[in-house]
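Using my numbering, you'd call the opening residue of the sequence shown number 551 and step up by one each time. Virtual Cβ for every residue (Gly too), placed ideally from N, Cα, C. What follows is a short report on a single structure.
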Amino acid sequence: MEKQWEVASHPKVWHPKSIEEAWTLKQTLCADGVFVAGGTLLRTQWENGIAPFPAHLINVSGIRACHELSFSPEVLILGSGMPLQYARENERIKRHLPLLTEALRSVAAPAVRRLATIGGNIASRLGDALPALLVYDADLIWYDGAKERREKLSDWLRLSESAKPPEARLLIRVELPLGHPPLADGETRAGEQAFQPEISVYTKVGRREGFTPSVVTIALLGRVSASGHIERLHVAAGGGQTVPLRLEAVERACRGEKLDRRLAEEVYAQVLEEFQPCGDRFASADYRKRTAANLIAAELWRACKAHDEERE
Ligand SMILES: Cc1cc2nc3c(=O)[nH]c(=O)nc-3n(C[C@H](O)[C@H](O)[C@H](O)COP(=O)(O)OP(=O)(O)OC[C@H]3O[C@@H](n4cnc5c(N)ncnc54)[C@H](O)[C@@H]3O)c2cc1C
551 MEKQWEVASH PKVWHPKSIE EAWTLKQTLC ADGVFVAGGT LLRTQWENGI APFPAHLINV
611 SGIRACHELS FSPEVLILGS GMPLQYAREN ERIKRHLPLL TEALRSVAAP AVRRLATIGG
671 NIASRLGDAL PALLVYDADL IWYDGAKERR EKLSDWLRLS ESAKPPEARL LIRVELPLGH
731 PPLADGETRA GEQAFQPEIS VYTKVGRREG FTPSVVTIAL LGRVSASGHI ERLHVAAGGG
791 QTVPLRLEAV ERACRGEKLD RRLAEEVYAQ VLEEFQPCGD RFASADYRKR TAANLIAAEL
851 WRACKAHDEE RE
């Protein structure tokens, strides 16, 4: 039976103007205070009785330090308070990080995306932006009360999968390297020139075409040499209540391998072994696992054919 929570009738809403102030409020209020950004996810959790309605809301959407958007030749900085719709419409993000744009396009609808933030999507640990951010090798910058703390998104997601729940921290921004997957030795990128990987895929499978929760979401980003060998490949999968993760065994198995039908078949089997999704009343774990394996193997096969056609 679902847990029923007592609803606080008059929650107090705090509007800190700095990360330090928000942090101090959280330390003072402890479990009674919850960070809220767009409130779009929290709202559904309160309505469905998944989370208690807190006595105090700490509204982090007014903190200017969390609204940064900047590019350098090496890195894109995306503030945690950035609304999803704003990020989705940004032309430079689209040029350099098309998988992120595609991921954001798949989240809810514009009205929700105007309120919903990158930080809320990440902190939920289930957001559809996560597989794209994972293959782009994103770093998270947190505030821990004393200083900024940098952590790989993939490490944080793995940690939060473990028995110990992650401590409450304030996410300030996300940093995405722009030479992904990392540039080959000696390779450089000129100015605004966007990096064009040979494999670049984001796919969200839901139970209908649009405005749908994900059953399975995958992202792939990789480089293929002129001889048709995979130089680097980043693969992430998630969906439903499954925390998205990088499929590191699959990535290792592909590195240096010839991109061909045999590899696609091997990857299919490897994904079945490595990806451990949760089942729910909409789709079983087995269905999600096979869907992810099919999607990933099919994308590698597609990349193989594209490579062959280009060389004909
Ligand atoms: C109709 C509808 C459809 C939706 N469809 C999708 C979908 O298709 N895909 C998808 O991914 N999501 C979907 N969502 C969920 C939600 O909109 C997104 O996950 C959104 O990005 C959450 O952002 P938010 O700012 O609203 O987060 P909030 O609801 O404000 O917060 C979510 C969580 O993040 C924490 N948090 C927020 N900001 C910070 C911060 N800076 N530091 C630390 N913790 C923080 C909060 O404490 C809370 O635990 C949908 C929601 C609705 C209502």
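| Item | Value |
| --- | --- |
| If you scan the stretch 757–821 from start to end, which runs of the beta strand (DSSP E) of 3 or more residues do you find wholly inside it? | 764–774, 780–789, 792–796 |
| With a threshold of 16 other CB atoms inside 10 Å of the CB of K697, please say whether the residue is buried or exposed. | exposed |
| Which of helix, strand or coil does DSSP assign to N609? | strand |
| Is the separation between the beta-carbon of S620 and that of I613 shorter than 7 Å? | no |
| For the alpha helix (DSSP H) containing E698, name the first residue and the last one. | No alpha helix (DSSP H) holds E698; the beta strand (DSSP E) holding it covers 698–702. |
| Round the Cβ separation of P660 and Q635 to the nearest angstrom and send it over; I've been treating them as touching at under 8 Å. | 6 Å |
| Relative to the C-alpha of H784, which candidate in A835, G778, E860, L649 has its C-alpha closest? | L649 |
| Counting Cβ pairs, one atom from each stretch, are 3 or more of them under 8 Å apart for the stretch 678–697 and the stretch 584–592? | no |
| Please classify G677: does DSSP put it in a helix, a strand, or coil? | coil |
| Who are the near neighbours of Q595 in its chain, counting only those whose CB is closer than 8 Å to its CB and skipping five residues on each side? | A601 |
| Which whole-angstrom value is the C-beta distance of A615 and A653, which I expect to be below 8 Å? | Actually they are not in contact, since the Cβ atoms of A615 and A653 sit about 24 Å apart, beyond 8 Å. |
| Starting from the Cα of E793, find the closest Cα among R708, I608, T578 and give me that residue. | For the sequence presented, residue 793 should be read as Val rather than Glu. The residue with the shortest Cα to Cα distance from V793 is R708. |
| Are the beta-carbon atoms belonging to D830 and G789 less than 7 Å from one another? | no |
| Kindly indicate which residue of E618, A786, W851, A853 has the alpha-carbon position closest to the one of V724. | E618 |
| Would you mind reading off the limits of the beta strand (DSSP E) that contains R723? | 720–727 |
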